[in-house]
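2 protein chains.
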Amino acid sequence: MNITSKTSAASPLRVVVIGGGFGGLETARKLRKSPVQVTLIDRRNFHLFQPLLYQVATAGLSPANIATPLRYIVRRQKNCEVLLADVTGFDPDRRRVILRDGEITYDILVLAAGASHSYFGHDEWAPLAPGLKTIEQATEIRRRIFMAFEMAERASDPQVRQELLTFAIIGGGPTGVELAGALAEIAHHTLTHDFRHINPNEARIMLIEAGPSVLGPYPPALRDRAAEKIRSLGIEILTEHRVIDIQPGEITIQSGDATVRLRTRTVLWGAGVQANPLAKGLAEATGVEIDRAGRITVQPDLTIANHRDIFVIGDIACCMDAHGKPLPGLAPVAMQQGQFVARQIASLVHGRAPEPAFHYRDPGTMATIGRSMAVAQIGQRQFCGYFAWLLWLFVHLMQIVQFENRLLVLLQWMWNYVTHNRSARLITQVPEEPAGTQTDQH
Amino acid sequence: MNITSKTSAASPLRVVVIGGGFGGLETARKLRKSPVQVTLIDRRNFHLFQPLLYQVATAGLSPANIATPLRYIVRRQKNCEVLLADVTGFDPDRRRVILRDGEITYDILVLAAGASHSYFGHDEWAPLAPGLKTIEQATEIRRRIFMAFEMAERASDPQVRQELLTFAIIGGGPTGVELAGALAEIAHHTLTHDFRHINPNEARIMLIEAGPSVLGPYPPALRDRAAEKIRSLGIEILTEHRVIDIQPGEITIQSGDATVRLRTRTVLWGAGVQANPLAKGLAEATGVEIDRAGRITVQPDLTIANHRDIFVIGDIACCMDAHGKPLPGLAPVAMQQGQFVARQIASLVHGRAPEPAFHYRDPGTMATIGRSMAVAQIGQRQFCGYFAWLLWLFVHLMQIVQFENRLLVLLQWMWNYVTHNRSARLITQVPEEPAGTQTDQH
C-alpha cells in the first residue's frame, strides 16, 4: 500500500476520522487548510466536553451546556463533512471502513473512537453501578442520586433510609473525586431546606479506591493534601479496598484478607478504562497488538505496524512516552495527537518529510475536589486550594468549544457558587415509565 | 361529611394537592400563611413551564431551563411538604388518596393533575406522532426532528430524502403553530451551513388543522393575519383536513370527501386534550360527571357535587364561565383557580364565609409564530407582529419561577436571535441503543 498514490490524482486525499471527541475533532479542524477531503464519523451528533460531565451528573449544568453539535463546529469548514453513522469494522486491504449501513473509502484513516469504563470482567455490574462517559449515563446518575434522597424522604424503616442515604463511589481518580465532592455539596448545602423527614446532611459518601491513595498519578504531597481536603468535606476515603461484588443494595469490598459488606442503594463507577471495541476490530483486521485495556499499540508516529495509512489516537491508543510509559487518557494527549496527525497528513500532501515521532508536552493536570478547592500540577509546580480551583475553572471554561456555552456555564457556576443551588436536578427518563406512555400530572 | 370538623382540633387542616403544575403549585404557595398542613404530590420532582416546552423540542432551550424542582420552590414554606408519589385512586368516604405504595389522609383535597393529548380514540398513533406535554416527549421530538435531517443527509434515494424532509404537524392551535414556526427557523436558518448533501431549506413543513382556521379561538382578523405570517415562513397550512390514519412513513388526511396520502417520516401531534385518567378514578369514587375530554364537571366554587372537601382545578376540570362555556385549558385559568381555592381554604379555617363562585379574569392570550412574530389579544385589543412578540417574550420570561432560569432563558434567546443558532440540538436517548449498554465513540 502506498499512501501517496492519490496525491498526484485530481481528487483530494480522503481522510476518514472516526470519533468526534477531543482527538478526532482536533484532527479534522487542524486539516481545514489542507487540500484533503475530511469525513468525520460519529455515532452521536455532538462533541462532548467530558471533563465537565460530572457536573451534569450532579445537576450543576445541563447536557447541552457541555455538548456542541459536530456539524455546527465544522459548518464553515468546506473540506469537512460529518457523518452520523455506526462503524462496525474495517477492511484495510480495500481501504474501507464498514458501517452498519454501508461503507466508506479512505486514503488515510484516523481512529479516535475513545474508551468506556471497564468493570474488570464484571460487565453484570454495569446496570448496578453506572459509569460516567455519556450524556445518558450522566442523566441516569443524576436520576439515581436525587431519587435516593426522594425515596429516603418517604422511607419509614431507618435501615432502608440509611441505605438510601449511603453513596458508594468506586475509583479514586479525578472522576471519582469530582463526583464525591459534588455529592458532598449537594448533601450538605444544596438540599438543606428541601426535605421534611430526612436530614440530607446525614448522607454518607464513600470513595473506594483499590490503590494506596486517591488521585494516584499525582505527586505524593499533592495526593495527601487532596485526601485531607476530601475528608474535610465529610467524605470517607477507603484506600486499598477492592470491590469484589456488587448486588442490588449491597457491595462487597476486600482489604487484604478481610471482606466487608456495605449496604447502599447508589453505587457509581469511576474506575477502569476499556478501549472502544473498534480497537479489537482493527486489531483483527490488521494483526496489530492490543493491550490489556483493549487499546491499540501504536508506532512512535501514531500509525500502526505495517499500515502507514492508519493513525490511532486518544484513549483508544496505547502510545508510549519517552520513558516507555503509556501516555494517560487525557484530553490534552488526544488533542496534541490530533494536531500531530493533521501535521503529518499535511506534510504528506505537500510532499514534505513527516515527523518521526509524536512527543507529548505535558501542560499539567488538575482535578477539582469541591467548592473553592482543587489540586493542580503544572511542570514542577504544585497548587492546592483556592488558586488551583480558579485555575481549574478558567482552563475548563476556556476549553469549551462554543462561546455561548462558555457564557452559560460561567453564569451557572457563578449562580451555583453564590446560592449553593444546583438547578438542573431533574429526575427524568424514569425507567419503569417510559416517555410517551405516561400521562403526566402537570 | 363536614369539612369544618377539623378546624377546632389542635392539629392543622390537612390539605392534599395532587399535581405540581400551574394550578396545584399556585394553591400550595398561596396557602403559605394559612394555618394548614399542605402536601403537594407529583409523580415528577419538578414544576414544568409548559408554554416553553416547544423550545426544548426545537433545541432552543434545555429541559432544566424550564423546569424547577418543586422542593426548591417551597423549601422555605414550612407548612408544605412535597411527596414524590404516584396517585392511583381515591377513597372519599375515608378521605384518603390511594398511592401506588401507600395512602394519605386529607381534610381537603385539591385535584390539579392536568391533561395529556388525545388521539381521538387512536392511541396506537402515539408512538408515531408524539405529543408535547413532558420533558421526555420534548427531547424525543427534538431527536426525531434532527435525526430526520441526519438521515436525509445520508439518503441516496431522492424519494426517501423528500419523505425525511417532510414534517407534518397535526393541530393548528398554539402548540402546533409554535412548533411549525420554530421548525421553519431551524430549516431555513439554523442548519443552513451544516449539511453537504441536502439543502435544509427544502424541508416541507405542513400544519394540518381539522377546523376552518389555525388558532381557532382567536378573533377572525387575528387568525387571518397569523395564517398569513405562518405562510410567509414557508409553512403550508391545510385547514379543514382531518387526519384519519397514521402509519410509519405515511399519514392519510381527509378533506370533505377526498382523502390524501402524504409521505412523511416525522409527524408531531398538537391536537386534542384528554384529562389525566385520575379524573375517571375520582368520578367513579364520587359519582361526579366527566365530559367528553375526560374532565370533571365542577360546581361554580370549583368543588364537586356532594363533596365540598374536594376541589378540582386546571386542565382536569371542566369549569363553565359566566356564559356557560367551558374555560380554556390555559395556565392563567389554572393559576387563578389555585388562588381561588387557597382563598376558600383560608376562609374556611378562619371561619369566614367562602366566595360563592370562581370568576375568571381573562388577562389575554398570545401565541408566537416565529422570530419577531406573535399574535396577542388583550381585552378588546389585538396585536400582531413585532410588538406582540416582545410582549410574548416579556410575559413568558417573567412567569418563569426561578430567577436563574429567567437569566439563562433570556441569554439563550438573545443568542439564538442574533446567531440563528439553537445550541441544544442534541440527539439523545437513541431508542435502539439504550444508555449504559452502548460504548461511545468519544
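As you go down the protein sequences, you meet chains A and B in turn. Residue 416 in our numbering sits at position 416 of the first sequence, and the numbers go up by one each step. Residue 6 in our numbering sits at position 6 of the second sequence, and the numbers go up by one each step. By construction, the Cβ of each residue, glycine as well, lies at the ideal position given by its N, Cα and C atoms.
Per-residue burial, residue i [other beta carbons within 10 Å of its own, 16 or more giving buried]
i        : result
B:Phe22  : buried
A:Phe49  : buried
A:Ser156 : exposed
B:Leu390 : exposed
A:Thr105 : exposed
A:Met398 : exposed
B:Glu124 : exposed
B:Thr439 : Low local confidence applies: a pLDDT of 34 at B:Thr439 is under 50, so the model's placement there is unreliable, with the coordinate-based value given in what follows. B:Thr439 comes out buried.
A:Asn199 : exposed
A:Gln417 : Looking at the sequence shown, residue 417 of chain A is not Gln but Tyr. By the neighbour-count rule (16 or more Cβ atoms within 10 Å), A:Tyr417 is not buried but exposed.
A:Ala258 : exposed
B:Arg261 : exposed
Span separating the alpha-carbon of residue i from that of residue j
i        : j        : result
A:Glu153 : A:Gly370 : 25 Å
A:Gly60  : B:Ile427 : 21 Å
A:Glu151 : B:Leu84  : The sequence as given places Met at residue 151 of chain A; Glu does not occur at that position. Whole-angstrom Cα-Cα distance: 8 Å.
A:Ala353 : A:Ile345 : 10 Å
B:Ala115 : B:Ile316 : 6 Å
B:Gln441 : A:Gly19  : Caution is warranted here: a pLDDT of 36 is assigned to B:Gln441, below 50, making its placement in the model unreliable, and the coordinate value is therefore given only provisionally. One C-alpha to the other measures close to 5 Å.
B:Asp194 : A:Gln299 : 35 Å
B:Lys444 : B:Met335 : Because residue 444 of chain B is not part of the residues shown, which for chain B are 1 to 442, the question remains open.
A:Met366 : A:Gln377 : 6 Å
A:Gly287 : A:Leu99  : 20 Å
A:Val16  : B:Ile230 : 42 Å
A:Leu215 : A:Gly270 : 12 Å
B:Pro356 : B:Gln339 : 14 Å
B:Trp392 : B:His47  : 21 Å
B:Ala187 : B:Ile73  : 37 Å
A:Ile400 : A:Ile66  : 7 Å
Among the options, the one whose alpha carbon lies nearest that of residue i
i        : options                                : result
A:Leu222 : A:Ala342, A:Ile290, A:Met373, A:Pro51  : A:Met373
B:Tyr386 : B:Phe149, B:Ile205, B:Gly270, B:Arg225 : B:Arg225
A:His444 : A:His359, A:Arg343, A:Phe340, A:Gly314 : Only positions 1 to 442 of chain A appear in the structure, and residue 444 of chain A is not among them; the question remains open.
A:Ser118 : A:Leu40, A:Phe167, A:Arg292, A:Ser232  : A:Arg292
B:Ile108 : B:Leu13, B:Pro69, B:Glu124             : B:Leu13
A:Gln402 : B:Gln247, B:Arg422, B:Lys229           : B:Arg422
A:Thr166 : A:Pro217, A:Leu183, A:Arg204, A:Asp123 : A:Arg204
B:Phe120 : B:Leu393, B:Ala275, B:Lys78            : B:Ala275
A:Val375 : A:Glu228, A:Val273, A:Ala331, A:Pro300 : A:Glu228
A:Asp86  : A:Arg44, A:Arg94, A:Tyr54, A:Ala112    : A:Arg44
A:Pro248 : A:Ala129, A:Met366, A:Asn199, A:Phe149 : A:Ala129
A:Ser11  : A:Asp309, A:Gln37, A:Phe340, A:Ala182  : A:Gln37
A:Lys78  : A:Leu111, A:Asp101, A:Thr39, A:Val214  : A:Thr39
B:Pro35  : B:Val349, B:Phe146, B:Ile145           : B:Val349
B:His241 : B:Gly256, B:Arg361, B:Gly181, B:Asp362 : B:Gly256
Where the alpha helix (DSSP H) through residue i begins and ends
i        : result
A:Arg32  : Taken as a continuous stretch (DSSP letters only), A:Arg32 belongs to no alpha helix (DSSP H), as it is neither H nor E.
B:Val418 : 403-419
B:Val177 : 174-185
B:Leu397 : 386-399
B:Ala342 : 331-349
B:Arg140 : The question names Arg, but residue 140 of chain B is Glu in the sequence shown. Unbroken alpha helix (DSSP H) run through B:Glu140: 135-154.
B:Ile230 : 220-232
B:Ala283 : 278-286
Residue i - containing beta strand (DSSP E), residue span
i        : result
A:Trp269 : 266-269
A:Phe90  : 87-91
B:Glu103 : 102-105
B:Leu13  : 13-18
A:Phe167 : 166-170
B:Pro69  : 67-69
A:Leu40  : 36-42
A:Gln55  : Per DSSP, A:Gln55 belongs to no beta strand (DSSP E); it is in the alpha helix (DSSP H), 53-57.
B:Glu240 : Here B:Glu240 belongs to no beta strand (DSSP E), and DSSP marks it neither H nor E.
B:Gly294 : Taken as a continuous stretch (DSSP letters only), B:Gly294 belongs to no beta strand (DSSP E), as it is neither H nor E.
Heavy atom of the ligand MG within 7 Å of residue i beta-carbon
i       : result
B:Gly23 : Ligands displayed in this structure: none; no statement on the ligand MG is therefore possible.
Any C-beta of chain D under 8 Å from that of residue i
i        : result
A:Asn199 : In the displayed structure, chain D is absent; the protein chains listed are A and B.
Interface positions of the stretch 382-406 of chain B facing chain A (Cβ-Cβ less than 8 Å), listed along the chain: So the close ones are Gln402, Glu404, Asn405.
Interface residues of the stretch 32-64 of chain A facing chain B [CB-CB below 9 Å]: From the stretch 32-64 of chain A, only Ile41, Asp42, Arg43, Arg44, Asn45, Phe46, His47, Leu48, Gln50, Ala59, Leu61, Ser62, Pro63, Ala64 have a Cβ closer than 9 Å to chain B.
Members of the stretch 107-141 of chain B that neighbour chain A once the beta carbon cut-off is set at 7 Å: Under the 7 Å Cβ criterion, the stretch 107-141 of chain B contributes Ala113, Gly114, Ser116, Ala126, Pro127, Pro130, Lys133, Thr134, Ile135, Glu136, Gln137, Glu140.
Residues of the stretch 415-427 of chain B whose Cβ lies closer than 8 Å to any Cβ of chain A, in chain order: Going along the stretch 415-427 of chain B in chain order, one finds Trp415, Thr419, Asn421, Ser423, Ala424, Arg425, Leu426, Ile427 with a Cβ nearer than 8 Å to chain A.
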